[in-house]
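There are 2 protein chains.
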Amino acid sequence: MRCVVTGCAGFIGSNLTDRLLSLGHDVVGYDNLSTGRISFLHNARASGRFQFVEGDLLNQERLTTAVQGSEFVFHMAANADVRFGTEHPTKDLHQNTIATVNVLEAMRSSGTKRIAFASTGSVYGEAEIFPTPETAPFPIQTSLYAASKLGGEAFIEAYCEGFGMQGFIFRFVSILGERYTHGHIVDFSKQLRDNPEILHVLGNGKQRKSYLYVGDCIDAILMVIEKSTAKTTVLNLGTDEYCEVSDSIGWICEELGVKPQVNYSGGDRGWIGDNPFIFLDCSAVRALGWKPKLSIKEGVIRTVRYLRDNPELLT
Amino acid sequence: MRCVVTGCAGFIGSNLTDRLLSLGHDVVGYDNLSTGRISFLHNARASGRFQFVEGDLLNQERLTTAVQGSEFVFHMAANADVRFGTEHPTKDLHQNTIATVNVLEAMRSSGTKRIAFASTGSVYGEAEIFPTPETAPFPIQTSLYAASKLGGEAFIEAYCEGFGMQGFIFRFVSILGERYTHGHIVDFSKQLRDNPEILHVLGNGKQRKSYLYVGDCIDAILMVIEKSTAKTTVLNLGTDEYCEVSDSIGWICEELGVKPQVNYSGGDRGWIGDNPFIFLDCSAVRALGWKPKLSIKEGVIRTVRYLRDNPELLT
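Protein sequence lines correspond, in order, to chains A and B.
Mapping of the first sequence onto the numbering used here: residues -16 to 298, in sequence order.
Mapping of the second sequence onto the numbering used here: residues -16 to 298, in sequence order.
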């Protein structure tokens, strides 16, 4: 099929683009290169079935032109800068909610009916049920990032209802793997490169998080859009396990062969809106036949190696 | 206190403005008069404690100036045109979600910490639990209106978490009473004025809806902001009953002394995204000591009389 990948030069988007091309699909990649990297499109640009459009999702005209003639949009572009939301309060609104509606409008005017959306387990806020199912009690939002993603989800659902589209909403845990460019493994890898003797960690190290390897994430997305026939599908995507930040630190240090003194800033969360426990119930997507190939530990180690082998990403 | 009422010339906003002034508060009313009516501010403008600012919520500068120096914002302005959402798909995004973030930004830059927000029971989509509690399972959105209101809720919650604000989110059923200017009672009153012999009704008349009288709605809002100390309070607001559209038709016709032939368009909903059953669990707000004074029937009759006595609203 001919499809669009927004955020095609980003971490998940570029991996997805490569996969779609390898499966024989035609891909129009859309990215403003604000955080995406043209180098991540090295393989894609060698393909005759790939077309790159440098554009911003807030440019409705350019976006609509790019979507024209495609039957599926993988909407992966986002401001994924969860931690610094309160430093630029309207960025999430623009890049996540408004940008998503712009994608929907582009689809509406070009007759494109199917969309997959990279949402986040953060929309459960401070969940009270673990693992947290898709049907958890209606949550209170605790970060601008999650609020803006929930806004995106809501508009996708309403467009599906109002305009006969089909939507696939994936609530990700944190994704790891090749082309990972921000998050705790980048932070720790940078610190340990600069000084292997000491590591500063936000929070008390006891925050419990769940992670998923990017290859497994893409396997799940492609399986679900194949199998699910519902008007709107909302699915958690993660592993059936979680780890503490301190576990992850142990694996990273072991892999890098360092034994730093670890200084914890203290408190049960790393920053305002940080969620001290994310662990999603993924039984619904598992029931469709998918399961992750890599454990959290294997995903962390693979990411550490990737960053070690690509030191330019740690600048 | 000095407070801001957005949508001060609208149905609920103008009633709230009058009430706040009668309680001795200073009110800055903000309205773009797109659907609000200056005539609804007749009482307010006679007060030395009322200041009217004609402005759009998308005009951030004007809004921020208006909010300056107030300690509370009652954010009642909205595109409340639920039914025609799909005819102008981005109107809800702009007037409900983006406008709400603009209000939050105005508050942030002026140090205003408390906000009450007129949300909607429609955010429960096609609920599966009746009466529907605030902790209902995480719903799928079925209208652009509800999606945009949910976006507003989400950003308010995130601003409360991130910037130390206090938010009061009220999920209303349909509100009735003086200055009601759109909805089924206006539609039916117009039709019956033009031809008392026949009434065209969308759907099969079996849609079950809940309503609340505007005076009761305002009682609840003012009680909750007094009593609730939580960072974010989310409460349903409605009566502990519902009626069928056909019940409401009976009361309206009896009050108007007409016996029309009723033609139903058929189907279990009036339009795309219409919800065939809205009935909210209001035990949480009732537990704070509030209860509605008027039944749904009394609210409907009062609204019919008001529209009969103010025929200019039916043009």
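Where is the CB? At the ideal position from N, CA and C, for every residue including glycine.
Terminal residues of the alpha helix (DSSP H) in which residue i lies
i: T47(B); result: 43 to 50
i: A213(A); result: No alpha helix (DSSP H) holds A213(A); DSSP gives it neither H nor E.
i: N85(B); result: 82 to 93
i: T286(B); result: 279 to 292
i: S266(B); result: 266 to 270
Residue i - partner residues in DSSP beta bridges
i: F331(B); result: Residue coverage of chain B in this structure runs from -16 to 298, which leaves residue 331(B) outside it and unanswerable.
i: L220(A); result: F155(A)
i: R(-15)(B); result: D9(B)
Secondary structure of residue i, DSSP reduced to three states
i: S157(A); result: strand
i: F297(A); result: As written in the sequence, residue 297(A) is Leu, which differs from the Phe given in the question. If DSSP states are grouped into helix, strand and coil, L297(A) belongs with the helices.
i: L76(B); result: helix
i: L205(A); result: helix
i: A110(B); result: coil
Whole-Å CB distance - residue i paired with residue j, under 8 Å assumed
i: Y225(B); j: F262(B); result: 4 Å
i: A27(A); j: T0(A); result: 5 Å
i: V156(B); j: L220(B); result: 7 Å
i: T69(B); j: G145(A); result: 4 Å
i: K96(B); j: M148(B); result: 5 Å
i: V207(B); j: L195(B); result: With a Cβ gap of about 14 Å, V207(B) and L195(B) do not count as contacting.
i: T83(A); j: I152(A); result: With a Cβ gap of about 11 Å, T83(A) and I152(A) do not count as contacting.
i: K132(A); j: T103(A); result: 5 Å
i: G301(A); j: D251(A); result: Residue 301(A) lies beyond the residue range present for chain A, which begins at -16 and ends at 298; the question has no answer from this structure.
i: T222(B); j: S193(B); result: 6 Å
i: A61(A); j: G12(A); result: About 15 Å; that fails the 8 Å criterion.
i: G160(B); j: G282(B); result: 6 Å
i: V106(B); j: P120(B); result: Contact doesn't hold; Cβ gap of about 12 Å is too wide.
i: D199(A); j: L277(A); result: 6 Å
i: L41(B); j: A89(B); result: In fact, because the Cβ distance is near 12 Å, the residues do not count as touching under 8 Å.
i: C(-14)(B); j: F35(B); result: That belief does not hold up - the Cβ atoms of C(-14)(B) and F35(B) are roughly 14 Å apart, past 8 Å.
i: A99(B); j: F57(B); result: 5 Å
i: L302(B); j: S30(B); result: Past the edges of chain B, shown from -16 to 298, lies residue 302(B), and the structure says nothing about it.
i: D264(B); j: P116(B); result: 4 Å
i: S211(A); j: H167(A); result: The Cβ separation is near 32 Å, so there is no contact.
i: S17(A); j: G52(A); result: The pair is not a contact, with the Cβ atoms about 26 Å apart (cut-off 8 Å).
i: Y142(B); j: L182(B); result: Not a contact, Cβ separation roughly 45 Å.
What beta strand (DSSP E) runs, 3 residues minimum, are completely inside the region -10 to 70 of chain A?
Fully enclosed beta strand (DSSP E) runs of 3 or longer: 9 to 14, 33 to 37, 55 to 58.
Quick one: complete alpha helix (DSSP H) runs, 4+ long, within the region 116 to 199 of chain B?
Scanning the region 116 to 199 of chain B for uninterrupted alpha helix (DSSP H) segments of 4 residues or longer gives 127 to 146, 167 to 177, listed from N- to C-terminal end.
Would you list, in sequence order, the uninterrupted beta strand (DSSP E) runs of no fewer than 3 residues that lie entirely inside the region 225 to 264 of chain B?
244 to 247
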